[in-house]
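Worksheet: the structure to be examined is printed underneath.
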Amino acid sequence: MTSVSSSILTALGAGSGIDTASLVSSLVSASKEPKQTAITSRQTLNSARISALASASSSLDTFADALNSLLAGTGYSGTPASNDASIASVSALPGGTPSGLPAQIVVNQLASARTLVSTVNANQDAAQGAAATVGIGELSLQVGNGSPVSITISATNNSYTGLAAAINSSGAGVTATVVTDSQGTRLMLKGPTGAANDVSLTTVSSTTDATTGADLSQFAWSATTPPAGSRMSSAAQPKDSIILLDGVEQHYAGNTIDSAIPYLRIDLNKAAPGTSVTLSTAEPTTSMRDLMVEFVDAYNTLMKALNTATSTGTDSSNAGVLNGESSIRDMKRQLSQMVSTQLTSTGTYKTLNDLGISTNRDGTISLDTKALDKAIAADPTAITQMLNPSVKTVTNIGLAGLMDSVRDNIQKTDGPLATSQSKYKALADDLAKQLEKLDTQMTDYQAQLTKVYSAMETRLSALKATQSYLTQQVALWTKSDN
Numbered sequence: 431m432t433s434v435s436s437s438i439l440t441a442l443g444a445g446s447g448i449d450t451a452s453l454v455s456s457l458v459s460a461s462k463e464p465k466q467t468a469i470t471s472r473q474t475l476n477s478a479r480i481s482a483l484a485s486a487s488s489s490l491d492t493f494a495d496a497l498n499s500l501l502a503g504t505g506y507s508g509t510p511a512s513n514d515a516s517i518a519s520v521s522a523l524p525g526g527t528p529s530g531l532p533a534q535i536v537v538n539q540l541a542s543a544r545t546l547v548s549t550v551n552a553n554q555d556a557a558q559g560a561a562a563t564v565g566i567g568e569l570s571l572q573v574g575n576g577s578p579v580s581i582t583i584s585a586t587n588n589s590y591t592g593l594a595a596a597i598n599s600s601g602a603g604v605t606a607t608v609v610t611d612s613q614g615t616r617l618m619l620k621g622p623t624g625a626a627n628d629v630s631l632t633t634v635s636s637t638t639d640a641t642t643g644a645d646l647s648q649f650a651w652s653a654t655t656p657p658a659g660s661r662m663s664s665a666a667q668p669k670d671s672i673i674l675l676d677g678v679e680q681h682y683a684g685n686t687i688d689s690a691i692p693y694l695r696i697d698l699n700k701a702a703p704g705t706s707v708t709l710s711t712a713e714p715t716t717s718m719r720d721l722m723v724e725f726v727d728a729y730n731t732l733m734k735a736l737n738t739a740t741s742t743g744t745d746s747s748n749a750g751v752l753n754g755e756s757s758i759r760d761m762k763r764q765l766s767q768m769v770s771t772q773l774t775s776t777g778t779y780k781t782l783n784d785l786g787i788s789t790n791r792d793g794t795i796s797l798d799t800k801a802l803d804k805a806i807a808a809d810p811t812a813i814t815q816m817l818n819p820s821v822k823t824v825t826n827i828g829l830a831g832l833m834d835s836v837r838d839n840i841q842k843t844d845g846p847l848a849t850s851q852s853k854y855k856a857l858a859d860d861l862a863k864q865l866e867k868l869d870t871q872m873t874d875y876q877a878q879l880t881k882v883y884s885a886m887e888t889r890l891s892a893l894k895a896t897q898s899y900l901t902q903q904v905a906l907w908t909k910s911d912n
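If you're matching positions, the sequence shown starts at 431 in this note's numbering and goes up one per residue.
Take a look at the structure:
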């Protein structure tokens, strides 16, 4: 009967110690893990696509920003130049490109200003210097045909310093300086340059100082009718600058000329009658050649990265993360059109193709440097203005303008790139929700299994009690037989 007892115990699992918690956990894992793996795999791929799209957009920004920054430098624009800056120097003015260059200029005369100086103060102690009195009253100061301004001296500013300050603050454009040296104190006045800008001081009212003899009217002066008793004398005449520009005599009030040649400032530094100075534009031919080489390299770096991201590979396991992505195909298409897009509507050279740039089968581009050098040698000004115009227009946008246009079109809010980014971000949210839902379902499933196996354990306990009773009975039967 021992074999009968053992069989019953084995069948009922007596002493087997079933771990229902571990069993439930295993069943839940077996159900959850395949589903979770599928979702997380999609999440990994989706995250990689989001990152790759962001990287593509960022790379496009880097390319465009670098090109803009590069072309903003002075080394990539035509620079006005003079072959003798000691006589006349030049610089570009904003708003356009200097025309009419090269030009020949002869500086026959520099513009000068009326300079007046008072005699040394002889009626007062020279040691008083700038504090010496000048007299109380009012002078009228006039420059050329401008409106006279009042110069008023009272007890509060009755000094050389006070008179100079009143003239400087009058807004007439006359500079007053008090000069004190070993000879004594003098007042010096300097008006604006130009023959039409002569300076006059007339007496409106004046009271002679009984102690010092200071009389404000003694500072009055006029080129036409110098007043009697004036202590002012002329040290320099007001004159216009006189130049010969391509043989044509021109007069200007100053030595800085902005209107002789459009968009070109000419600074006259020295009169040199009979000496011709050449004004021209130094084209950045070397810089433009280097620019094209750098542009091709940067473009190819971007295109190769896009090619890698969209490669088909031998199968899905090694295909690019953006394989089949339409927005990147659109980006590559728009970039490829740059080499054939017109940068200017005039001249022989209008596109990058005209400068020796061609497109390869993989979307990268190549530069024929011989063709580029030939174009630059043939018309350096046209190439400079084509690639980096002084003033961008609708028909002459330049290379940086074209790059900005392409970037803006690729990154527009309703474009393919933005649509793809939105699609993958929405998918990321959906996959996260799927994981949350799966967690909830598995929690419910675990609770259900736990309930079932708890009931099973209760039933098993009852069976074990029955088992114990039967074991006792079998033992009695066996003993009885003995």
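For each residue, glycine too, the CB sits at the ideal point set by N, CA and C.
Alpha-carbon to alpha-carbon, residue j and residue i
i      : j      : result
THR742 : GLN851 : 21 Å
ALA626 : PRO656 : 18 Å
VAL579 : LYS620 : 16 Å
ALA518 : GLN767 : 45 Å
THR654 : PRO714 : 54 Å
ALA728 : GLY601 : 56 Å
TYR899 : ALA905 : 10 Å
MET618 : ILE535 : 34 Å
VAL751 : ALA468 : 17 Å
ASN587 : TYR682 : 37 Å
ALA556 : ALA562 : Low local confidence applies: a pLDDT of 47 at ALA556 is under 50, so the model's placement there is unreliable, with the coordinate-based value given in what follows. Distance between the alpha carbons of ALA556 and ALA562: 8 Å.
SER481 : ARG791 : 27 Å
PRO528 : ASN730 : 35 Å
SER446 : SER747 : Reliability fails at SER446, whose pLDDT of 43 lies under 50, so the model's placement of it is uncertain and the value that follows must be treated cautiously. Roughly 47 Å separates the two Cα atoms.
GLU755 : ARG837 : 18 Å
ALA749 : THR774 : 41 Å
VAL629 : LYS669 : 12 Å
LYS462 : SER788 : 55 Å
TRP651 : SER570 : 10 Å
ASP495 : LEU861 : 36 Å
ASP745 : GLY828 : 42 Å
For residue i, the three-state DSSP class (helix, strand or coil)
i      : result
ALA560 : helix
THR744 : coil
ARG661 : coil
ASN538 : strand
ALA680 : The question names Ala, but residue 680 is Gln in the sequence shown. Strand at GLN680.
VAL604 : coil
THR637 : strand
GLY831 : helix
PRO524 : coil
SER488 : helix
PRO464 : helix
SER499 : helix
PRO668 : coil
THR615 : strand
ALA905 : helix
PRO810 : helix
ASP688 : strand
VAL573 : strand
VAL550 : coil
GLY567 : strand
THR474 : helix
LEU631 : strand
LEU531 : coil
GLY643 : coil
SER507 : coil
SER481 : helix
Distance CB(residue i)-CB(residue j) smaller than 9 Å
i      : j      : result
VAL537 : PRO703 : yes
GLU425 : THR474 : Any question about residue 425 goes unanswered here, given that the chain covers just 431 to 912.
SER770 : THR781 : yes
GLY567 : SER636 : yes
ALA663 : VAL573 : Looking at the sequence shown, residue 663 is not Ala but Ser. Result no, Cβ atoms of SER663 and VAL573 do not sit closer than 9 Å.
ALA594 : VAL608 : yes
GLY777 : ASP809 : yes
LEU721 : LEU817 : yes
ILE691 : LEU675 : yes
THR492 : LEU865 : no
GLY565 : THR610 : no
LYS762 : LEU736 : yes
Beta-carbon separation (whole angstroms), residue i vs residue j, contact threshold 8 Å
i      : j      : result
VAL821 : GLY503 : The Cβ separation is near 17 Å, so there is no contact.
SER589 : ALA560 : 6 Å
THR814 : MET718 : 6 Å
GLN667 : SER542 : 6 Å
THR811 : GLY508 : 6 Å
VAL458 : GLN876 : 5 Å
Item to check | Within the stretch 765-799, ranges of the beta strand (DSSP E) (whole runs, at least 3 residues) | outcome: 787-789, 795-797
Item to check | 4 or more residues per run - each alpha helix (DSSP H) lying fully within the stretch 816-892 | outcome: 828-840
Item to check | Start-end ranges of the alpha helix (DSSP H) lying completely within the stretch 694-766, minimum 4 residues | outcome: 715-739, 756-766
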